[in-house]
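Peer 1: The C-terminal residue of the sequence shown carries number 783 in our numbering, and the numbering is unbroken.
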Amino acid sequence: MHHDCDPPIVHRDISSKNVLLDSEHKAYVSDFGIAKVLKVDSSILTKLAGPYGYVAPEFAYTMKVTEKCDVYIFGVLALEVIKGNHPKYFLFSLSSTSYGNMNIELNDVLDGRLPPPSLEVENKPKSIMEVAFSCLVVNPQSRPTN
Numbered sequence: 638m639h640h641d642c643d644p645p646i647v648h649r650d651i652s653s654k655n656v657l658l659d660s661e662h663k664a665y666v667s668d669f670g671i672a673k674v675l676k677v678d679s680s681i682l683t684k685l686a687g688p689y690g691y692v693a694p695e696f697a698y699t700m701k702v703t704e705k706c707d708v709y710i711f712g713v714l715a716l717e718v719i720k721g722n723h724p725k726y727f728l729f730s731l732s733s734t735s736y737g738n739m740n741i742e743l744n745d746v747l748d749g750r751l752p753p754p755s756l757e758v759e760n761k762p763k764s765i766m767e768v769a770f771s772c773l774v775v776n777p778q779s780r781p782t783n
């Protein structure tokens, strides 16, 4: 999210409550109260920060914050947007198996209050789901960079 900043910024407290939309639905991240500035390709030892359910799993055993922690949080947010609520049970399932080994259909993830997407629109939420799952892989080095 702040990949192009020099030095990099790790937000650490991103949740759906900290994402604001303007009148054209462009998203902005707010509340930089616990954000950290990193040296390039580094990490910071720190105490737990950020809302439960959005913290990257590796943080629990390393206590290190890296840019990949925010990538994980982005994946949680992306899933939350298409699911309509926090994907806590999906996160548990994803952490216990490899996404490549899971056979997850769009309808398993898509907000049940929405009508099924038409064929011409179906690829958009499917793409969001794929990006989200790539951000949520357990190994931080396997998560996308930007």
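In this text, a Cβ means the ideal position worked out from N, Cα and C, and glycines have one as well.
In whole angstroms, give me the CA-to-CA distance for residue 710 and residue 666.
Peer 2: Roughly 12 Å between the two C-alpha positions.
Peer 1: Please report the residue range of the alpha helix (DSSP H) in which residue 592 lies.
Peer 2: There is no way to answer for residue 592, as the model of the chain reaches only from 638 to 783.
Peer 1: Mind checking who residue 664 pairs with in its DSSP beta bridge?
Peer 2: 658
Peer 1: Using the three-state DSSP reduction, which class does residue 692 fall into: helix, strand or coil?
Peer 2: coil
Peer 1: Using a Cβ-Cβ distance under 7 Å, would residue 772 count as near chain D?
Peer 2: Looking at the structure shown, chain D is missing, and only one protein chain is on hand.
Peer 1: What does the alpha-carbon distance come out to for the pair residue 706 and residue 754?
Peer 2: Cα to Cα, residue 706 sits roughly 31 Å from residue 754.
Peer 1: Could you name the residues of the same chain whose beta carbon sits closer than 7 Å to that of residue 725, not counting the 5 residues immediately before and after it, in chain order?
Peer 2: Taken in chain order, the residues that qualify are 690.
Peer 1: If you compare alpha carbons, which of 749, 743, 651 is closest to residue 785?
Peer 2: Beyond the ends of the chain as shown, which are 638 and 783, falls residue 785; an answer cannot be given.
Peer 1: Tell me the rounded alpha-carbon separation between residue 698 and residue 741.
Peer 2: 28 Å
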